[in-house]
Amino acid sequence: MEEGTIKKQIILSGILVAVISGILMFIGCVVYGSIKGAQEKEAQKYMREVVSQYRSIITAQIDGDLQTLDALAAFVGQDETVDFDFILPRLEVESRRNDFVRMGFISTDRKGYLMDTNGEKRYDIDLSDEDFIQETLSGKPVVSEITEDRFSGETVVFYGVPVTHNGNIVGAITATRLASGFSEIISGEIFGGAAYIHVVDSQGNFILRSEHAVIDRPLNNVFDDGEIAEQTRLSILSDMARGGDSFATFRFRGNDYWATFIPVGINDWQIFCLVSHTFLNHNFSALFTVCLCVMACILALFVVLFLYIYSI
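All residue numbers for the sequence shown refer to this note's numbering, where the first residue is 524 and numbers rise by one.
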């Protein structure tokens, strides 16, 4: 075979190998992008399902508490006049059947008649400065923001349900629950301890924190000290403001995290969950490594095949 012909065949073989390599690399990039997109959607779906379970537990607790008060308010509202000799003993009995730390009746002049489960009683207390009392006496059930109790100093949430008679508001039934009850709900391990649940407001400020945290550092706001694009932050805030879900990537101290926000449906509370990319992507990383090895083997076989053919 002439030298020129051999040289031409070698060049053509090199070009063919380069083309095949390029095609394999292109296919690899397409497959990588497709798998990565599918993995992100799967991670988003998985996190939403898990976090939604905690939202259901919290809302079921709150709904059950409000139903208890609503039933009591309907019972109290049967009489045309407010009879404290009838109402207060009834509240005292009811307080022993639930997990409230305090129950009470609020008159239309904002005076409170309160009974703690430890037996302490407070009558004729001026509660006109309590916002949740104002809202309740305007005619709607209310769940307050988590706040400090003026009497015990503990972190609590207040409930209020209006008492009506023939369509007229004659007072309100209130109850106080320790916020620690909700903290216990969100303190369970998720993904084997790789993630935990927190409750934040629509600005990202922490309302309730799990006893554990993926990022072991005290933060007042989920956006503190994190490397997150301003556009992403504004998108999350916009989603929370309109009551929608949000899913994004956070970067903290060089590590990437998936973050999801789901509205609780109470006030502007959002359930916030953070989990590292490494944990949710371990299956994807293993699959990508296998695909990369397979493509490398195929390419190596092509090279060996061409070398063998032109050595004959």
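Even for Gly, the Cβ is constructed at its ideal location relative to N, Cα and C.
When you compare the CB positions of I696 and A596, do they come within less than 7 Å of one another, or not?
Taking 7 Å as the cut-off, the Cβ atoms of I696 and A596 count as close.
Kindly indicate which residue of D652, N743, S618 has the alpha-carbon position closest to the one of K644.
Relative to the Cα of K644, the nearest Cα in the group D652, N743, S618 belongs to S618.
Which ranges does the beta strand (DSSP E) cover as unbroken runs of at least 3 residues, wholly within the region 594-642, from first to last along the chain?
Those beta strand (DSSP E) runs which fall completely within the region 594-642 and span 3+ residues are 625-629, 634-639.
In terms of residue numbering, what span does the alpha helix (DSSP H) encompassing S725 cover?
For S725, there is no enclosing alpha helix (DSSP H), as DSSP marks it with neither H nor E.
Closest to N621 by C-alpha separation, out of E671, V686, Y646, L589, would be which residue?
The option with the nearest alpha carbon to N621 is L589.
In the structure shown, what three-state DSSP assignment does K564 receive?
Note: K564 maps to helix in three-state DSSP.
Work out the CA separation of V680 and R571 for me, nearest whole Å.
The straight-line gap from Cα to Cα measures roughly 26 Å.
Pull the bridge partners of H688 from the DSSP assignment, please.
N691, per the DSSP bridge assignment.
Helix, strand or coil at F746 [DSSP, three-state]
In the structure shown, the three-state DSSP call for F746 is coil.
Is the beta carbon of I489 less than 7 Å from the beta carbon of I648?
In the structure as shown, the chain starts at 524 and stops at 835, and residue 489 therefore has no counterpart that could be examined.
C-alpha distance - G587 paired with A771, whole-angstrom precision:
The alpha-carbon atoms of G587 and A771 are separated by roughly 33 Å.
In or out: M548 buried (at least 16 other Cβ within 10 Å) or exposed?
Exposed, because fewer than 16 other Cβ atoms sit within 10 Å of the Cβ of M548.
Simplified DSSP assignment, three categories, for G683:
Strand, per DSSP.
Answer with buried or exposed for E707, where buried requires no fewer than 16 other C-beta atoms within 10 angstroms of its C-beta.
With fewer than 16 other beta carbons inside 10 angstroms of its own, E707 counts as exposed.
Cβ atoms of F784 and S769: under 7 Å apart, would you say?
Annotated as proximal: S769 and F784, with beta-carbon spacing under 7 Å.
Where do the ends of the alpha helix (DSSP H) carrying A764 lie?
Where A764 is concerned, the enclosing alpha helix (DSSP H) stretches over 753-764.
Classify E603 as buried or exposed, calling it buried when 16 or more other Cβ atoms lie within 10 Å of its own Cβ.
Exposed, because fewer than 16 other Cβ atoms sit within 10 Å of the Cβ of E603.
Residues near T687 by beta carbon distance below 6 Å, same chain, minus five either side:
Taken in chain order, the residues that qualify are G600.
Rounded to whole angstroms, what is the Cα-Cα separation between I538 and G545?
Near 10 Å, if we compare the C-alpha coordinates of G545 and I538.
With DSSP run on the structure shown, which of helix, strand or coil describes R774?
If DSSP states are grouped into helix, strand and coil, R774 belongs with the strands.
Nearest to T659 by CA position, among Y636, T640, V693, M638, is which residue?
Answer by Cα proximity: V693.
Does DSSP put R732 in a helix, a strand or coil?
For R732, the three-state secondary structure derived from DSSP is coil.
Taking just the CA atoms, how far does K663 sit from Q726?
The straight-line gap from Cα to Cα measures roughly 25 Å.
CB-CB under 6 Å to V542, same chain, minus the five flanking residues each way: which ones, in chain order?
Nothing meets the Cβ criterion.
Would you mind giving the Cβ-Cβ distance between I713 and V573, rounded to the nearest angstrom? I have them listed as a contact below 8 Å.
Sure, about 6 Å apart at Cβ, within 8 Å.
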